[in-house]
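Mapping to the UniProt record's numbering: the sequence shown position 205 is 205, numbers consecutive.
Where is the CB? At the ideal position from N, CA and C, for every residue including glycine.
Scroll down for the structure; my scribbles are underneath it.
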Amino acid sequence: MNPTALMIMLLSLAIGTTMTLMSHHWLLAWIGLEINTLAIIPLMTKTPHPRAIEAATKYFLTQASASALILFSATMNAWKTGEWSITLLSDPYTITLSMALMMKLGLAPLHFWLPEVIQGIPLSTGLILSTWQKIAPMTLLLQISHLTDLKLLITMGLTSILIGGWGGINQTQLRKVMAFSSIGHLGWMVLILKFNPQLTLFNFSLYITMTAAMFFSLMSLSSTKISEISSSWPKSPILVTTMMLVLLSLAGLPPLTGFSPKLLIILELAKQNTLLLASVTMLTSLLALFFYLRLTYVMILTLPPHIPPSSTHWRTTKNSPLTATMTTLALLIFPLSPTFLLII
Numbered sequence: 001m002n003p004t005a006l007m008i009m010l011l012s013l014a015i016g017t018t019m020t021l022m023s024h025h026w027l028l029a030w031i032g033l034e035i036n037t038l039a040i041i042p043l044m045t046k047t048p049h050p051r052a053i054e055a056a057t058k059y060f061l062t063q064a065s066a067s068a069l070i071l072f073s074a075t076m077n078a079w080k081t082g083e084w085s086i087t088l089l090s091d092p093y094t095i096t097l098s099m100a101l102m103m104k105l106g107l108a109p110l111h112f113w114l115p116e117v118i119q120g121i122p123l124s125t126g127l128i129l130s131t132w133q134k135i136a137p138m139t140l141l142l143q144i145s146h147l148t149d150l151k152l153l154i155t156m157g158l159t160s161i162l163i164g165g166w167g168g169i170n171q172t173q174l175r176k177v178m179a180f181s182s183i184g185h186l187g188w189m190v191l192i193l194k195f196n197p198q199l200t201l202f203n204f205s206l207y208i209t210m211t212a213a214m215f216f217s218l219m220s221l222s223s224t225k226i227s228e229i230s231s232s233w234p235k236s237p238i239l240v241t242t243m244m245l246v247l248l249s250l251a252g253l254p255p256l257t258g259f260s261p262k263l264l265i266i267l268e269l270a271k272q273n274t275l276l277l278a279s280v281t282m283l284t285s286l287l288a289l290f291f292y293l294r295l296t297y298v299m300i301l302t303l304p305p306h307i308p309p310s311s312t313h314w315r316t317t318k319n320s321p322l323t324a325t326m327t328t329l330a331l332l333i334f335p336l337s338p339t340f341l342l343i344i
């Protein structure tokens with residue numbers, strides 16, 4: 001892609017998200033979401049492949065449907081209340097707006113577009129779609145969390161954790177694995193949204209850090225399949241080692257970064273006297289733990305002496321400082337969790 005066009009698209013993404021974050025008005029928030037949607041589509045189709053065109057079309061149709069629902073609900077709410085304020089919602093339109101925002105995020109059962117879209121686009125665009133594009137809808141969802149129905153949030157959260165784990169088990173494509181991982185993590189965030197919005201924001205920040213670290217590692221190795229990642233140890237042993245640890249961090253194993261949000265969410269659920277919900281959440285998250293461990297096991301099988309010396313490649317993989325920084329954050333934030341919570 002032309003560098004000027006790329007800069008314009010990335011600037012548009014930044015402007016769209018910033019506009020939504022700064023707005024107190026549903027119409028301005030909707031305009032920011034639309035700018036975001038339109039800016040990422042050229043990035044999806046920068047490699048003119050039928051799969052990329054299909055992914056961009058699916059993404060546009062899904063996001064346009066969700067945006068239409070947001071605009072319609074906000075207009076009807078303004079007609080009823082006389083206000084366009086984000087935090088002033090009447091009862092019937094809170095559910096429709098919440099569902100539309102969850103559709104934009106890719107929460108189950110409105111998740112069907114996300115794995116297919118991420119599978120059809122480059123890793124760099126998949127990184128933007130999995131991290132930056134979720135900031136604006138999540139912020140709006142946080143602002144209306146005190147009005148959202150608790151049963152809806154719990155149902156969507158548990159369904160997302162279950163689908164996120166179940167869908168990723170039999171995948172051989174790493175981009176689809178990351179898509180189902182995203183669905184599962186968003187389920188944890190939505191589950192605790194009504195009880196403790198600050199904890200949702202903390203979880204979201206760590207999710208962006210860990211997902212970005214994983215995508216940067218995959219981009220450094222140019223790997224999109226499990227079969228490719230299984231032969232990447234000779235290319236860059238250090239990067240593959242840290243990538244295994246990032247996978248375990250995404251799984252939520254101590255003492256890595258990903259353990260802190262899960263621990264705090266379970267403690268908060270126990271504090272709210274919802275022990276059954278906490279137990280079901282932990283049991284359903286075991287499915288996701290299985291496919292993270294499966295990926296880690298595939299990498300471990302490629303360590304010496306499992307591979308013959310004749311299959312060793314030249315170590316030509318260059319690790320960027322950004323990859324190193326994100327990987328370090330994705331592994332070592334756990335001791336600093338109380339500090340981050342106090343800041344939030």
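CA nearest to the CA of residue i, picked from the options
i	options	result
S217	P197, A270 and L245	L245
I70	L336, H25, R51 and G82	H25
M243	S205, L286, L263 and T296	T296
M189	T209, L107 and A136	L107
V177	Y292, L153, S160 and T209	Y292
A14	L129, I333 and L247	L129
T241	M19, W30, I163 and T327	T327
F180	A288, T37 and M22	A288
L114	I144, G168 and M9	G168
L286	Q119, D91 and K262	K262
I163	T172, W132 and F112	F112
G126	D91, T94, M99 and L174	L174
I183	M22, K104 and L147	K104
A64	L88, E34 and I41	E34
I41	L21, S12 and L28	S12
P122	S222, F202, G32 and L89	S222
H146	T155, T94 and F72	T94
Where residue i sits in the DSSP three-state scheme
i	result
S310	Low confidence applies to S310: its pLDDT is 45, below 50, so where it sits in the model is not reliable, and the reading given next is rough at best. Three-state result, S310: helix.
Q173	strand
K271	helix
S222	coil
H25	strand
L231	According to the sequence displayed, residue 231 carries Ser and not Leu. Of the three classes helix, strand and coil, the one that applies to S231 here is coil, per DSSP.
S67	helix
S236	coil
S260	helix
S279	helix
S145	coil
T159	helix
P36	Note that residue 36 is Asn in the sequence shown here, rather than Pro. Residue state, collapsed to three classes: helix.
Through-space distance from residue j to residue i, alpha-carbon basis
i	j	result
G82	T339	41 Å
F195	T284	20 Å
A251	G258	7 Å
S67	S230	40 Å
A213	L276	33 Å
T274	Y207	24 Å
L329	L239	15 Å
G165	L191	16 Å
M138	T224	27 Å
G157	L186	7 Å
F60	A39	11 Å
I343	L336	11 Å
A324	M76	48 Å
A55	H49	10 Å
M19	I300	45 Å
I266	A278	6 Å
residue 396	M1	In the structure as shown, the chain starts at 1 and stops at 344, and residue 396 therefore has no counterpart that could be examined.
M9	L43	8 Å
L97	T281	25 Å
G120	R51	5 Å
L140	L101	8 Å
T45	L150	39 Å
N36	K134	10 Å
Nonlocal neighbours in the same chain, by C-beta distance under 8 Å from residue i, ignoring five residues either side
i	result
V298	I226, I229 and S230
T312	Model confidence at T312 stands at a pLDDT of 48, short of 50, so the residue's coordinates are unreliable and nothing is read from them.
M7	none
Cβ neighbours of residue i in the same chain (closer than 7 Å, five flanking residues each side left out)
i	result
P109	T159
residue 388	Since the first residue of the chain shown is 1 and the last is 344, residue 388 is not available in this structure.
Any non-hydrogen atom of the ligand GDP within 7 Å of residue i CB
i	result
H25	The ligand GDP is not part of this structure, which contains no ligands at all.
Chain B contact for residue i (CB, 8 Å cutoff)
i	result
L11	Among the protein chains of the structure shown there is no chain B, as only one such chain exists.
6 Å Cβ shell around residue i - same chain, five flanking residues per side excluded
i	result
A74	W26
L153	V190, L193 and K194
V117	A55, K58 and Y59
Completely contained beta strand (DSSP E) runs for the stretch 76-136, where each covers 3 or more residues:
If we require 3 residues or more, the stretch 76-136 turns out to have no beta strand (DSSP E) run fully inside it.
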